[in-house]
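To convert, count from 1 in the sequence shown and add 5; that's my numbering. A virtual CB, placed ideally from N, CA and C, is assigned to each residue, including glycine. Worksheet: the structure to be examined is printed underneath.
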Amino acid sequence: TEADNWALKGAALAAREHGKGTHVIISAIEHHAILTAADWLVKEGFTVTKLPVGPNGIVDPAELEKVIDDKTSIVSVMYVNNEVGTIQPVRELCKIAHAHGALFHTDCVQAMPYIHIDVKELGADMISMSGHKFYGPKGIGALYIRNGVKLEKLVSGGGQERAQRGGTTNTPAVVGMAKALSMAVEQMDENNKHIAEVRDHFVERVMNEITDIKFNGDFEHRVPSVANFSFKYVEGEGILMLMDFNGIAVSSGSACSSGSLDPSHVLLAMGVPVEVSHGSIRFSFGKDNTIEEADYTVDKLKETIARLRTMSPLYNDKIGGGSYNV
């Protein structure tokens, strides 16, 4: 969160200080760390443009070409979406940004454990990451900043971090994060294969055994760790509660706002109707999950959806021949 804030605010403020324009571009499906930072910039006099996404949750580079201009100081598009797992065409987006003299930042929090990243090959000027996403300590993150990129300081104090960020460094957490990242890279291919097998087994069963559902995302351009479904005629709140009773942790959006009852901004940006997005659930998979756990989850999910639908007037209207459509 701090890395995202520093990248977007720091770059925009520094650019304005040096006479560059005050136009910032982000995607409509960014993490709330970027969205709220962008809202703050608007209050500071900046103009923010949000790039739309298609029904699969992917940004079309042509949309960036339409809105970028010589007043654009920074473009920020996440590498992997945290709710639906889609992989964005960040290399193409980065090239477009640079062609117009803008910096490019990408939130790689969801990408780091699953995609081999070479910062020079990727071309991004700034990359955000978070330790707990690759099994490191919680509460520690990092921001890669390309040499020569100037950011306005957000945290003043001593001369820590080359006088860029005040405050005593949490050395044990930093070392733990670095070690966890090293291990994640070494084990990435093996972990990806296993996680994808568990997820695919789960997804196949859900799609074959539960009716009136919608898979959210893209079947091709995605990481193995996320599966997002909309279950029609039920509310996500009820699914969360009953799954929790069975010892299963799922979320109705990003993990940071898993208790929120608001419809997902990501799904709304993808064109999912509000009434359908209210019944959407994100299932996350890690290296320690098993096929047996996936089967248990599907079994309890089937029971949960069936139970909730028996209490749903919308579902009863549907099976009774009513005219309600979603």
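Nonlocal neighbours in the same chain, by C-beta distance under 7 angstroms from residue i, ignoring five residues either side
{"i": "L272", "result": "N221, S282, S285"}
{"i": "K305", "result": "M248, N251, I253"}
{"i": "A43", "result": "L13, V29, I31, V53"}
{"i": "V58", "result": "S32, A33, I34, V64, A274, M275"}
{"i": "I150", "result": "M131, L156"}
{"i": "R96", "result": "L127, G128"}
{"i": "K55", "result": "I31, S32, A33"}
{"i": "K25", "result": "S78"}
{"i": "G243", "result": "L313"}
{"i": "H206", "result": "I296, A299"}
{"i": "V47", "result": "V53"}
{"i": "G162", "result": "G171, G172"}
{"i": "I39", "result": "D9, L13, I31, S81, D112"}
{"i": "S263", "result": "Its pLDDT being 48, under 50, S263 is placed unreliably by the model, and nothing is read from it."}
{"i": "L18", "result": "E157"}
{"i": "G241", "result": "S257, H283, G284, S285, I286"}
{"i": "K307", "result": "E214, I215"}
{"i": "T315", "result": "none"}
Cutoff 6 angstroms; reference residue i; Cβ partners in own chain excluding five residues on either side
{"i": "S259", "result": "At S259, the pLDDT of 49 sits below 50, so the modelled position is not reliable and the matter cannot be decided from this model."}
{"i": "G90", "result": "G222, R227, V228, V231"}
{"i": "N321", "result": "none"}
{"i": "F290", "result": "I200, V203, R204, S230"}
{"i": "R21", "result": "T27"}
{"i": "Y140", "result": "A185"}
{"i": "P268", "result": "V279, S282, H283"}
{"i": "V208", "result": "A232"}
{"i": "A178", "result": "P142, I145"}
Beta carbon of residue i nearer than 8 angstroms to that of residue j
{"i": "W11", "j": "L148", "result": "yes"}
{"i": "V239", "j": "I310", "result": "yes"}
{"i": "V98", "j": "P66", "result": "It should be pointed out that residue 98 corresponds to Leu in this sequence rather than to Val. Yes. Within cutoff."}
{"i": "A16", "j": "G146", "result": "no"}
{"i": "S235", "j": "I218", "result": "yes"}
{"i": "Q165", "j": "T173", "result": "yes"}
{"i": "M83", "j": "T111", "result": "yes"}
{"i": "V85", "j": "A116", "result": "yes"}
{"i": "G136", "j": "G181", "result": "yes"}
{"i": "V211", "j": "V303", "result": "yes"}
{"i": "T27", "j": "K76", "result": "yes"}
{"i": "V160", "j": "S133", "result": "no"}
{"i": "R287", "j": "N233", "result": "yes"}
{"i": "H270", "j": "M193", "result": "no"}
{"i": "P118", "j": "K138", "result": "yes"}
{"i": "K323", "j": "N196", "result": "no"}
Residue i - partner residues in DSSP beta bridges
{"i": "F51", "result": "Answer is none; F51 lacks a bridge partner."}
{"i": "T91", "result": "R227"}
{"i": "Y149", "result": "I132"}
{"i": "I30", "result": "T54, V80"}
{"i": "S285", "result": "S235"}
{"i": "L108", "result": "I79"}
{"i": "V85", "result": "I92"}
Own chain, CB closer than 8 angstroms to residue i, minus 5 neighbours either side, in chain order
{"i": "V154", "result": "A16, L108, D130, M131"}
{"i": "N294", "result": "I200, V203"}
{"i": "H23", "result": "K155"}
{"i": "N61", "result": "T91, G222, D223, H226, M275"}
{"i": "P94", "result": "I63, V64, P66"}
{"i": "V190", "result": "H121"}
{"i": "E70", "result": "I101"}
*Would you be able to state if there are at least three C-beta pairs under 8 angstroms between the region 198-205 and the region 174-188?*
no
*Taking contact to mean at least 3 C-beta pairs separated by less than 8 angstroms, is the region 99-108 in contact with the region 119-130?*
yes
*Which full runs of the alpha helix (DSSP H) of 4+ residues lie inside the region 297-329, going along the chain?*
318-324
*At 4 residues or longer, and completely inside the region 187-262: list those alpha helix (DSSP H) runs for me, N to C.*
193-214, 241-250
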